[in-house]
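These notes are about the structure you will find just below.
2 protein chains.
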Amino acid sequence: MPTADKPTRSKTTLTDIAYTRLREDILSGRLEPGLKLRVEHLKTHYGAGASPIREALSRLTGDGLTIAEGRRGFRVAEVSNAELMDITELRVLMETRALRMAIEAGDDEWEALVLASFHRLSKLDERLAMEQPGEEWEERHRDFHNSLVSACQSRWLKNFRDILFDQSERYRRLALANGPGKRDVAGEHKQIMEATLDRDSDRACDLLAAHVQETADAVANSDWVCD
Amino acid sequence: MPTADKPTRSKTTLTDIAYTRLREDILSGRLEPGLKLRVEHLKTHYGAGASPIREALSRLTGDGLTIAEGRRGFRVAEVSNAELMDITELRVLMETRALRMAIEAGDDEWEALVLASFHRLSKLDERLAMEQPGEEWEERHRDFHNSLVSACQSRWLKNFRDILFDQSERYRRLALANGPGKRDVAGEHKQIMEATLDRDSDRACDLLAAHVQETADAVANSDWVCD
DNA sequence: GGTCAATACTTTATCGATAAAATTAATTTT
DNA sequence: AAAATTAATTTTATCGATAAAGTATTGACC
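Protein chains in written order, with this note's numbering: chain G, 358 to 584; chain R, 358 to 584.
Structure (structure tokens):
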């Protein structure tokens, strides 16, 4: 399960650092799909010994971001249109289910969190306008989507949702690296936020589902070499 | 993701062995919930060095069977009625969805597999009659349930289903270790199998959902100290 | 008697070294 | 020259040792 932003008080370890950095490098596409991950090389790059590196890779394999082939090491997970569709279909299911539960259970604190994270994202949207979304935008974007489902009581649902969110994010960042995208994403976020705070589950879920699906469609339709 | 019964040709490694054995020991309850897993001890018990053991534990943590607390090692994941309900609810969703897809996509080979694995399970059911289900029954039982969804095309759905299957199995084996259970489980399997081969999705899913839910209820109602 | 801190003891996380396996290159055979 | 061997090189998986962190113990002090 993704341990990147776990709020536990567990002390940070070299494995954690390697995991977090490797994860970000895979999600951003800096480590491209299919790339062989040689431990010797990663050791120098991430400043850790073989054990922490291998442990981090084991975790990432659990998240489906890398794959492990016994006796022949690790590589970055491949991508394909077929898998994108699989991920998206399941993610829509999980996201909407989690959102419904969050709307059901969310309290004032949750509302405040949703509003605040939306605000931070939209301010960044304004400022960046037509620019490339950078690391910070990705961070805020993730925070916003996390805030929506943060009031969902189901640990397991959120766990799986998190994994699929990461998967989707990787596809999006791989495909839209320089494709601008002509959708009004900021507006979609706004509508989702409003419907959510209105406690209009049906509408919020429909909007969120469309948001996820349309992003996937944009990825699939971007000129993109795969399979 | 669970790598226990992956059909890839990847050579088996010490980490794989440790993973498989630890997993079985946790599912069977030999390693009880909350137990501290000291690497030094596991090293001698499973005959491997610290690195393979730690790697195996990292994988298990991804499956939610152990938890890792930075700088203070690993322990077997705790259990609670609340989590059992969470797991069950989500598992019903996944199992039925996967079964529906399998019924939709399954070919003759799949039908043969379902029938064969049901047969092996039911033969064992007859022979054991009222006895404790042992390791072999668990194996056959798992094979049967796996066969049902084996024709499902969605990798990710099956991945998550597998994880939740393991979780459910642990709860069941923990709770029903000596409680006999007065349900006709073999009969339930038969009905599920028949509805599935009849390609009656609605009925098969209803039966499977009830099967999963009733097992969970039996676990919850067994005299069982937890939370 | 209970609290606190200094000390001794475990355990974890991590490194560096190495045998086994896989890959690549070189060489021979058909 | 293509295929098959064999040799050389790289890479993985794994072990044993160790520093850093955590936990338990002891004993002084109020």
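C-beta atoms are modelled at their ideal positions from N, C-alpha and C, and glycine is treated no differently. Note that the structure is a prediction, hence the values are computed from the model and not measured.
Spatial neighbours of residue i in its chain, beta-carbon cut-off 7 Å, leaving aside the 5 residues before and after
i	result
Gly391/G	Arg432, Val433 and Glu435
Ala407/R	Val396 and Lys400
Leu371/G	Ala405 and Pro409
Leu470/G	Ser504 and Ser507
Cβ distance (whole Å) where residue i is taken to contact residue j below 8 Å
i	j	result
Leu565/R	Leu456/R	6 Å
Val576/R	Leu441/R	6 Å
Leu521/G	Leu447/G	6 Å
Gly430/G	Thr369/R	Actually they do not touch by this definition, with Cβ atoms about 15 Å apart.
Trp467/R	Ser511/R	No, Trp467/R and Ser511/R are not in contact; Cβ-Cβ is about 15 Å, not under 8 Å.
Residue i versus residue j: straight-line alpha-carbon distance, rounded
i	j	result
Trp494/G	Ser474/G	12 Å
Ile383/G	Lys547/G	29 Å
Ala567/G	Ser385/R	43 Å
Ala486/G	Arg497/G	15 Å
Arg416/R	Leu554/G	38 Å
Lys480/G	Glu452/R	42 Å
Asp523/G	Asp443/G	14 Å
Thr572/G	Arg529/G	7 Å
Asp574/G	Gly419/G	26 Å
Trp313/G	Leu394/R	Outside the displayed range of chain G (358 to 584) lies residue 313/G, so it cannot be described from this structure.
Ser437/G	Arg560/G	31 Å
Tyr403/R	His402/G	33 Å
Cys562/G	Ala552/G	9 Å
Pro364/R	Glu526/R	Confidence at Pro364/R is low in this model, with a pLDDT of 35, below 50, so the placement of that residue should be treated as unreliable; the coordinate-derived value is given next. Whole-angstrom Cα-Cα distance: 21 Å.
Glu545/R	Lys539/R	12 Å
Leu342/R	Asp465/G	For chain R, the structure presents residues 358 to 584; residue 342/R sits outside this window and is missing.
Leu472/G	Asp373/R	46 Å
Residue-level contact to chain R via CB, residue i, 8 Å cutoff
i	result
Phe431/G	no
Glu412/G	yes
Thr453/G	no
Arg585/G	Given a span of 358 to 584 for chain G in the structure shown, any question on residue 585/G remains unanswerable.
Ala361/G	At Ala361/G, the pLDDT of 41 sits below 50, so the modelled position is not reliable; the number obtained from the coordinates is stated separately. False, the Cβ-Cβ gap to chain R never drops below 8 Å.
Ile444/G	yes
Arg518/G	no
CB contact check: residue i to chain G, cutoff 8 Å
i	result
Phe522/R	no
Met358/R	Low local confidence applies: a pLDDT of 46 at Met358/R is under 50, so the model's placement there is unreliable, with the coordinate-based value given in what follows. Closer than 8 Å: yes.
Leu514/R	yes
Gly419/R	yes
Thr370/R	yes
Asp373/R	yes
Leu399/R	no
Pro364/R	In this predicted model, Pro364/R has a pLDDT of only 35, less than 50, meaning its place in the structure is not dependable; the value taken from the coordinates is given anyway. By this cut-off, Pro364/R is not an interface position.
Leu447/R	yes
Beta-carbon contacts of residue i that lie in its chain and below 8 Å, excluding the five residues immediately before and after
i	result
Gln570/R	Thr445 and Val449
Cβ pair residue i, residue j closer than 8 Å
i	j	result
Tyr376/R	Ala413/R	yes
Leu505/R	Arg454/R	no
Ile424/G	Arg556/G	no
Phe517/G	Phe501/R	no
Cys509/G	Met458/G	yes
Leu422/R	Arg477/R	no
Own chain residues within Cβ distance below 6 Å of residue i, not counting five before or after
i	result
Asp482/R	Ala543
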